[in-house]
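Peer 1: Numbering (the numbering used here), first residue to last: 1266 to 1401. Before we start, here is the structure in question, set down as C-alpha cells.
The following block contains the structure:
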C-alpha cells in the first residue's frame, strides 16, 4: 500500500465523548498517526446516547482513502447498526469491515498498524489480536 492510501478507522460508541476520547488516545499512542484517518461516530445526532447509522456512514465516508475502512464498535447495538449498514451494500464505502476487537485496545492496535502502512487485513488482525492482551 502506498503512503497516500492508508486504511481508515471508524470508532463507533454509544457515547460521542467515548468515541472521541478513544480516537484521541489511539492517535496519541501511535505517535500522532498523522497519516491515518480516524473518525469517531458516537451517540446520536441529537447528542444523546445510542448509535446512529447516519453518523457511522458519514464517518466511514470521511476516512475512506481507497484502502478500506476498519470499523470498531463498543457494544451490541453498535454492532447491529454496522451490520445493517453493511447488509444494505451501498451505505458504507467498498472495503469496509466490521472488526471483532476490544474497543480501546483494538483501536490502538488498528491505528498503530495502519500508521505503519499495513493493508486492511493486517489492521483487522492486529485489532483482533488485542483480545489476547494480558493485564496481569
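All C-beta atoms, glycine included, are put in the ideal place defined by N, C-alpha and C. These numbers were taken from a predicted model, which means no experiment stands behind them.
1. Can residue 1295 be considered in contact with the ligand ATP, in the sense that its beta carbon sits closer than 8 Å to one or more heavy atoms?
2. With DSSP as the reference, identify every bridge partner of residue 1327, one or two as the case may be.
3. When the Cα of residue 1374 is compared with those of 1326, 1332 and 1394, which residue comes out closest?
4. Closest to residue 1273 by C-alpha separation, out of 1400, 1364 and 1401, would be which residue?
5. Who are the near neighbours of residue 1291 in its chain, counting only those whose CB is closer than 6 Å to its CB and skipping five residues on each side?
6. In this structure, how does DSSP classify residue 1346 when only helix, strand and coil are distinguished?
7. For residue 1317 and residue 1271, what's the separation of their Cα atoms in angstroms?
8. Residue 1384 and residue 1339 - do their beta-carbons sit closer together than 9 Å?
9. Whole angstroms is fine: what's the gap from residue 1246's alpha carbon to residue 1319's?
10. Pick out whichever of 1360, 1398, 1328 and 1349 has its Cα sitting closest to the Cα of residue 1252.
11. Is it true that the region 1301-1313 meets the region 1323-1334, where meeting means three or more beta-carbon pairs spaced less than 8 Å apart?
Peer 2: In short, the structure shows the following:
1. The ligand content of the structure shown is nil, which means the ligand ATP is not present either.
2. In the DSSP output, where bridge partners are listed per residue, residue 1327 has none listed.
3. 1394
4. 1364
5. 1372, 1373 and 1376
6. helix
7. 25 Å
8. no
9. The structure shown does not extend to residue 1246, since the chain is modelled only from 1266 to 1401, so the question has no answer here.
10. In the structure displayed, the chain extends from 1266 to 1401; residue 1252 sits before or after that span and is not available.
11. yes
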